[in-house]
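See structure below.
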Amino acid sequence: QPQQQPQQQPQQPAADPVADLLRRLREGIAQQGSSEAAVEQVYQRFISNGRPALHKADFEQLVRSFHPSAAADALARLWQQVAEDAGALFVTFTQFCSHLCPAAVDPSLASLAGGKQLTAYLHRLHHVLSSRGQTVKQAFSVFDATNSSVFPLEDFLHACRSSNICLSRLELEKVFSQLARPSAGQKQIEFGTLESALAAAKAPAEADWTQKLVANIGERARAAGVLLEASFARYQQEALDHSQVREELGRYLTLDKQQWATVLVYLDKQFDGRVLWRQFLQRAGVIAT
Numbered sequence: 004q005p006q007q008q009p010q011q012q013p014q015q016p017a018a019d020p021v022a023d024l025l026r027r028l029r030e031g032i033a034q035q036g037s038s039e040a041a042v043e044q045v046y047q048r049f050i051s052n053g054r055p056a057l058h059k060a061d062f063e064q065l066v067r068s069f070h071p072s073a074a075a076d077a078l079a080r081l082w083q084q085v086a087e088d089a090g091a092l093f094v095t096f097t098q099f100c101s102h103l104c105p106a107a108v109d110p111s112l113a114s115l116a117g118g119k120q121l122t123a124y125l126h127r128l129h130h131v132l133s134s135r136g137q138t139v140k141q142a143f144s145v146f147d148a149t150n151s152s153v154f155p156l157e158d159f160l161h162a163c164r165s166s167n168i169c170l171s172r173l174e175l176e177k178v179f180s181q182l183a184r185p186s187a188g189q190k191q192i193e194f195g196t197l198e199s200a201l202a203a204a205k206a207p208a209e210a211d212w213t214q215k216l217v218a219n220i221g222e223r224a225r226a227a228g229v230l231l232e233a234s235f236a237r238y239q240q241e242a243l244d245h246s247q248v249r250e251e252l253g254r255y256l257t258l259d260k261q262q263w264a265t266v267l268v269y270l271d272k273q274f275d276g277r278v279l280w281r282q283f284l285q286r287a288g289v290i291a292t
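Printed below as a string of structure tokens:
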């Protein structure tokens, strides 16, 4: 009888080191919290030299904090995947969330029609500057070291954060990505372009709708024997996570996905994404200014 050859077991495909690194990183970040503010804190913690964005060396340090033995080749490939360009100088917070912690971005935002987010962010920026009696140039010229009336992303983020513009990092990156144009090898936003965009976003209908809706919710709370201000004040914090705001408003009126998304983009926020609840209640006339 011919001797039968032992059957060879099919080889298991080798594990992808980049996929493994990505999984570990996602799990490690998730353990710190999945809210926008918690994830922004992780992102911010590893930024060095006072820069506004996470550069490549910072990113590598962040990855090694979760996986000390990560191979250099896997790190380089992960950088290319997350920064979406091997030659990128830094990874934006938007890219960071998209690839490593998508839960940090409220999924309701996807329900808004094109341009609605940008209009809301520009309207809020216009409101802040006009309340201070400032133009874009007057507000930002002190941060314009080259006196060129243009900002690359990092300078734009630094200027807005330092000026307490009341938009989150994610929102500011959205404004920049929509309005900036390639110049001198990198995208830059021109002061004049931003000024024109703000003028066109002075009075969107959704801003008025949001203020009236919040005022109506305030009336519903009062009818139930509760001051809406007190509902928020019980947290003993001036800035709250989106989910907490939605929960408090939802006690008196259920908002569908699109309604909540519209409210969300008109809420003033800290740079880390937490909502400045007292400011939006004042703007809606729920509490006195």
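Okay, so the sequence shown: first residue is 4 according to this note's numbering, each after it adds one.
Ideal Cβ positions, reconstructed from N, Cα and C, are used throughout, including at glycine.
For residue i, the residue or residues it bridges with in DSSP
i: Val131; result: BP columns for Val131 are empty, so no partner.
i: Ala146; result: Going by the sequence as given, residue 146 is Phe instead of Ala. Per DSSP, none; premise fails for Phe146.
i: Val153; result: Glu193
i: Leu243; result: Val278
i: Lys272; result: Val278
Beta-carbon spacing of residue i, residue j below 7 Å
i: Leu28; j: Leu103; result: yes
i: Glu63; j: Leu81; result: no
i: Leu25; j: Ala73; result: no
i: Pro161; j: Pro71; result: A small fix is needed here, since residue 161 is His in this sequence, not Pro. It is not a contact, given that the beta carbons lie outside the stated cut-off.
i: Leu243; j: Val278; result: yes
i: Phe99; j: His58; result: no
i: Gln83; j: Ala75; result: no
i: Leu175; j: Thr196; result: no
i: Gly288; j: Ala218; result: yes
i: Val139; j: Glu198; result: yes
i: Lys215; j: Ser114; result: no
i: Val108; j: Cys169; result: no
i: Ser166; j: Gly276; result: no
i: Val21; j: Ile32; result: no
i: Ser68; j: Asp61; result: no
i: Phe235; j: Trp263; result: no
i: Ile290; j: Glu232; result: yes
Min CB distance residue i to chain C below 7 Å
i: Gly228; result: Absent from the structure: chain C. Only one protein chain is present.
Helix, strand or coil at residue i according to DSSP, with G and I counted as helix
i: Val1; result: Past the edges of the chain, shown from 4 to 292, lies residue 1, and the structure says nothing about it.
i: Phe235; result: helix
i: Val278; result: strand
i: Ala227; result: coil
i: Leu203; result: Before going further, note that residue 203 is Ala rather than Leu in the sequence given. The answer is coil: DSSP assigns Ala203 none of H, G, I, E or B.
i: Leu258; result: coil
i: Leu115; result: coil
i: Asp109; result: coil
i: Thr138; result: coil
i: Asp19; result: coil
i: Gln35; result: coil
i: Phe283; result: helix
Using 8 Å as the Cβ pair cut-off and three pairs as the minimum, do the segment 113-123 and the segment 204-215 touch? Yes, they touch.
The segment 267-277 touching the segment 37-44, judged by at least three CB pairs closer than 8 Å: Contact between the segment 267-277 and the segment 37-44 is present: three or more C-beta pairs spanning the two stretches fall below 8 Å.
Which full runs of the alpha helix (DSSP H) of 4+ residues lie inside the segment 51-103, going along the chain? Listed in chain order, the complete alpha helix (DSSP H) runs (minimum 4 residues) inside the segment 51-103 are 59-69, 75-86, 96-103.
Which residue spans inside the segment 160-197 form an unbroken alpha helix (DSSP H) run of at least 4? The segment 160-197 contains these whole alpha helix (DSSP H) runs: 172-182.
Assess contact between the segment 137-157 and the segment 185-192, defined as three or more Cβ pairs (one per stretch) separated by less than 8 Å. Is contact present? With the cut-off at 8 Å, the segment 137-157 and the segment 185-192 touch.
With three or more C-beta pairs closer than 8 Å as the rule, is the segment 249-262 touching the segment 219-234? Output reads yes: the segment 249-262 touches the segment 219-234.
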